Each structure stands twice: as structure tokens, then as C-alpha cells.
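A.B. asks: What follows is a structure written as C-alpha cells; I'll ask about it next.
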Amino acid sequence: MRILVCGGAGYIGSHMVKILNSQGHTVTIFDNLSTGHAQAAPAAQLFAGDLLDKESLARLFKAHNFEAVMHFSAKSLVGESMTNPSAYYTNNVIGTINLLDAMQAHQVHRFIFSSSAAIFGPPQQKTINEEHPCRPINPYGRTKLMVEHILKDYHHAYGIRSVSLRYFNAAGADPEGKLGESHTPETHLIPNILKSLINGHGGLKIFGNSYETPDGTCIRDYIHINDLCSAHLLALNFLDNNDGVFGFNLGNGNGFSILEVIAAAEQVTGHKIKFEYAPPREGDPARLVADSSLTRRLLGWKTQYTGIEEIISTAWNWHQKPRY
Ligand code: UFG
Numbered sequence: 011m012r013i014l015v016c017g018g019a020g021y022i023g024s025h026m027v028k029i030l031n032s033q034g035h036t037v038t039i040f041d042n043l044s045t046g047h048a049q050a051a052p053a054a055q056l057f058a059g060d061l062l063d064k065e066s067l068a069r070l071f072k073a074h075n076f077e078a079v080m081h082f083s084a085k086s087l088v089g090e091s092m093t094n095p096s097a098y099y100t101n102n103v104i105g106t107i108n109l110l111d112a113m114q115a116h117q118v119h120r121f122i123f124s125s126s127a128a129i130f131g132p133p134q135q136k137t138i139n140e141e142h143p144c145r146p147i148n149p150y151g152r153t154k155l156m157v158e159h160i161l162k163d164y165h166h167a168y169g170i171r172s173v174s175l176r177y178f179n180a181a182g183a184d185p186e187g188k189l190g191e192s193h194t195p196e197t198h199l200i201p202n203i204l205k206s207l208i209n210g211h212g213g214l215k216i217f218g219n220s221y222e223t224p225d226g227t228c229i230r231d232y233i234h235i236n237d238l239c240s241a242h243l244l245a246l247n248f249l250d251n252n253d254g255v256f257g258f259n260l261g262n263g264n265g266f267s268i269l270e271v272i273a274a275a276e277q278v279t280g281h282k283i284k285f286e287y288a289p290p291r292e293g294d295p296a297r298l299v300a301d302s303s304l305t306r307r308l309l310g311w312k313t314q315y316t317g318i319e320e321i322i323s324t325a326w327n328w329h330q331k332p333r334y
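My numbering runs 10 ahead of the 1-based position in the sequence shown.
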């Protein structure tokens, strides 16, 4: 299939591109390289451009006869979205509208959208399924939810079929060690834990230790990047036989507190990890754990990496020899 991957030089998008290429798809990457890395994308497939530039998008769609679009490009930091909402609404909402309009103009009708657990807000039950109310508590989550609403209208009016995949905490790296997570600044927990070991200066901070969780630190559902990618392939096939707008949650269903993640990282690396407590980060819910049974049932999704140690060990492999 001829597939446009927006954000294909970023952390999740680059892993997706590698898998699509290995399966023989014809992939074009569109990425503004603001947080992505040219080294993470095959040069011949990379088209540098911005979703806010409609002319660049029009040229791209004219030059390729895409059959489907996967959309990973977004600003995705909860904390940053609290202090700079303008960048979030502009990039994540307006950028996506531009992309959908280009799809509509060129009769491309299959769309896989990177949504987020952040659309749900504070959980009302232990695990979050697709029926959970959507009450995001930060601008980042609101931008993702807005796009999910827009997708319903674009299906009704223009026939664009879509699957929104609500990621819980993407983690880990390409098991071959060619791709991995590399953000500047790095804000995510697992890379920060591992980098604190590699730089030798420690400096790891735990944001908040008086949340309403058993050990007081935030609980998250960490899901390996390749398991996220496999759900995208299944979602694409699903759209062949299902005309509509769908949303699926992607997580392992196991919650780990920050202290538990640190203990698992000590196990994997064989090193003691030093940290200090710092005030909570604005916009962080205490607990986010997925119920992905619908995804497993309707898409036939199976996760390969179910243990937190397994996930961390692929990240540790990358952080010891990062290529970018
Ligand atoms: N944390 C620390 N120290 C760090 C980094 C993170 O204590 O150095 C804490 C955070 O405060 C949070 C937890 O570790 O409690 C996980 O933080 P991450 O930054 O790794 O991930 P988030 O849960 O904040 O965010 C991720 C994605 C978002 C998405 C969210 C939904 O980055 O895009 O998951 O679950 F919205």
C-alpha cells in the first residue's frame, strides 16, 4: 500500500516506518524535523515540510497517489501544553485539519490517528476502556480529543474512515538497536532514568510523592513501541472492511508506579539508581492504566512485550549506543 507517514522521523513514527518498509509498503515520510531526526528516516523517503504549510502538503499529495495516511506529527508534552497552549492548538488541531483537507481534496479515505490516553482525564475506574468519559485536564489532551471530534464530521461529510489509537505510555526501542527515543530536552520517565545512569551525574527527579497511589508516585501503563506499531497495521486492515470512525485504547493493562519503574530499571541495568523528590508536574493524573480488551477483540491485537523489564531492556540497549 502507498502510505503517507506524517511524523515518520519521530520516536513512534520512525519505528512504524521501519516496520512498514519491512512489509513491503511504499512509504513517504512528511516531517518538519522539529523533534524528529533525519537520521531516523530513510533519506529517500523523507520529505521535510510542515503541516501548517498547505502548499507543501498540496505538492506532496499531487506527487504521490496515497492510499492511506498515518498521522504521528504532534506536540505531545503535557507540561509544555499547559504553558504554551497556542503551539498545541496550532500544530495539533490546525495542522491536522490541513492534512485532512489535503486527503479530502485527493480522495484519500483511510486515516490512522495517534491519539492519547490524555483525552480521558482523571480515571473513574481502575482501568480505562473506550466507554470512559472524555474530560481531558490539559491542553494536549484537549487537542487530541478535538481531532477525534473532527474525524466524526469528516467521515460524515467526506467519507474519511479513521481509527484513533489512544496510546498510554509509549516506551522502549527497536530491538535491533537502530532506532530509539531521543528528545531534547528529554522529559519522559524511562529515558530520564537510563540517562541518569549513563551521564553518571544522577539528577533524576520524581515529580510528586503524595499522589493517591500505594507508594505516592504516579502510575502509568507502559507499552512497547513495536506493540503500538503492530496495532496500526491491524487498524489499517480493519478500515478495509469497516467504514466508520473508531477509537481504540493501546496499553498493557498493567500499571507501574515511578518507584516500581525505577526498581525494574535497577534490575535490568544492574545499577543502583539515585533520585530525589520534586514537586508534582502540572497536568499529571495520578493513575492512567488501559483496558484494551476491545482492541484485542476487534483488531486481534496481541502485545509481544508484556513485562516492564523487557520494555526497559530494549530502551537500555538503545541508550547505551544511541545513533542520534
Ligand atoms: N516523571 C518523573 N521524572 C521524570 C520524568 C517523568 O517523575 O524525569 C514522572 C511524570 O511526572 C509522570 C510519569 O513519570 O508521573 C510518567 O511521565 P512521562 O513524561 O514519561 O509520561 P506522561 O505520562 O507524562 O506522558 C505520556 C505521553 C503523553 C501522554 C501520556 C498519556 O508523553 O503524550 O503519556 O498517558 F499524554
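Quick reminder that beta carbons are idealized off the backbone N, C-alpha and C, glycines included. Small disclaimer: the values here were computed from a predicted structure and weren't measured.
(1) DSSP state of TYR315, grouped into three classes?
(2) Using a threshold of 7 Å, is the CB atom of SER302 nearer than that to any non-hydrogen atom of the ligand UFG?
(3) With a threshold of 6 Å on Cβ separation, who are the neighbours of LEU161 within its own chain once the five nearest residues in sequence on each side are excluded?
(4) Run the proximity test for ASN262: is its beta-carbon closer than 7 Å to any non-hydrogen atom belonging to the ligand UFG?
(5) Flag this pair as touching only if the stretch 142–156 and the stretch 264–275 have three or more C-beta atom pairs under 8 Å; answer yes or no.
(6) Buried or exposed: where does ALA97 fall if 16 or more other Cβ atoms within 10 Å of its Cβ makes it buried?
(7) Could you name the residues that DSSP lists as bridge partners for ALA78?
(8) Which value, in whole angstroms, describes the spacing of the CA atoms of VAL37 and GLN55?
(9) Looking at the unbroken beta strand (DSSP E) that takes in TYR150, where does it start and where does it end?
(10) Tell me which residue opens and which closes the beta strand (DSSP E) that GLU286 is part of.
(11) Can you check whether the CB of ILE229 is closer than 8 Å to the CB of ARG297?
(12) So does VAL88 have its beta carbon nearer than 7 Å to some heavy atom of the ligand UFG?
(13) Note down the Cα distance separating PRO149 from ASN262, rounded to an integer number of angstroms.
(14) For LEU87 and ALA275, what's the separation of their Cα atoms in angstroms?
C.D. replies: According to the data block:
(1) The residue you call residue 315 lines up with position 305 of the sequence shown. TYR315: coil per DSSP, three-state reduction.
(2) Numbered from its first residue, the sequence shown carries residue 302 at position 292. Using a cutoff of 7 Å, the CB of SER302 does not count as near the ligand UFG, since none of the ligand's heavy atoms is closer than that.
(3) As a first step, residue 161 is located in the sequence shown; it is residue number 151 there, counting from the start. Within the same chain, LEU161 has close Cβ partners SER172, VAL255.
(4) Taking the sequence shown and counting its residues from 1, the one referred to as residue 262 is at position 252. With a threshold of 7 Å, the Cβ atom of ASN262 does not count as near the ligand UFG, since no heavy atom of the ligand is closer than that.
(5) With a cut-off of 8 Å, the stretch 264–275 and the stretch 142–156 do not count as touching, because too few Cβ pairs lie within range.
(6) Within the sequence shown, residue 97 is the residue found at index 87, counting from 1. Under the 10 Å beta carbon count, ALA97 is surrounded by fewer than 16 other beta carbons and is classified as exposed.
(7) On the sequence shown, residue 78 is found 68 positions in, with the first residue counted as 1. Under the DSSP definition of a beta bridge, ALA78 partners with ILE13.
(8) Along the sequence shown, read from residue 1 onward, the residue named residue 37 stands at position 27. Along the sequence shown, read from residue 1 onward, the residue named residue 55 stands at position 45. The straight-line gap from Cα to Cα measures roughly 7 Å.
(9) For the purposes of this step, residue 150 is taken as the residue at position 140 of the sequence shown. Taken as a continuous stretch (DSSP letters only), TYR150 belongs to no beta strand (DSSP E), being part of the alpha helix (DSSP H) at 149–168.
(10) Here the question's residue 286 lines up with position 276 in the sequence shown. If you look at GLU286, you'll find it in the beta strand (DSSP E) that goes 285–288.
(11) Mapped onto the sequence shown, residue 297 falls at position 287. Mapped onto the sequence shown, residue 229 falls at position 219. In this structure, ARG297 sits near ILE229, with a CB-CB distance shorter than 8 Å.
(12) Here residue 88 is taken as the residue at index 78 of the sequence shown, counted from 1. Relative to the ligand UFG, VAL88 has its C-beta within less than 7 Å of a heavy atom.
(13) Translated into positions along the sequence shown, residue 149 becomes position 139. Translated into positions along the sequence shown, residue 262 becomes position 252. Approximately 25 Å between the Cα atoms of the pair.
(14) As a working note, residue 87 is residue 77 in the sequence shown. As a working note, residue 275 is residue 265 in the sequence shown. LEU87 and ALA275: Cα-Cα distance of roughly 23 Å.
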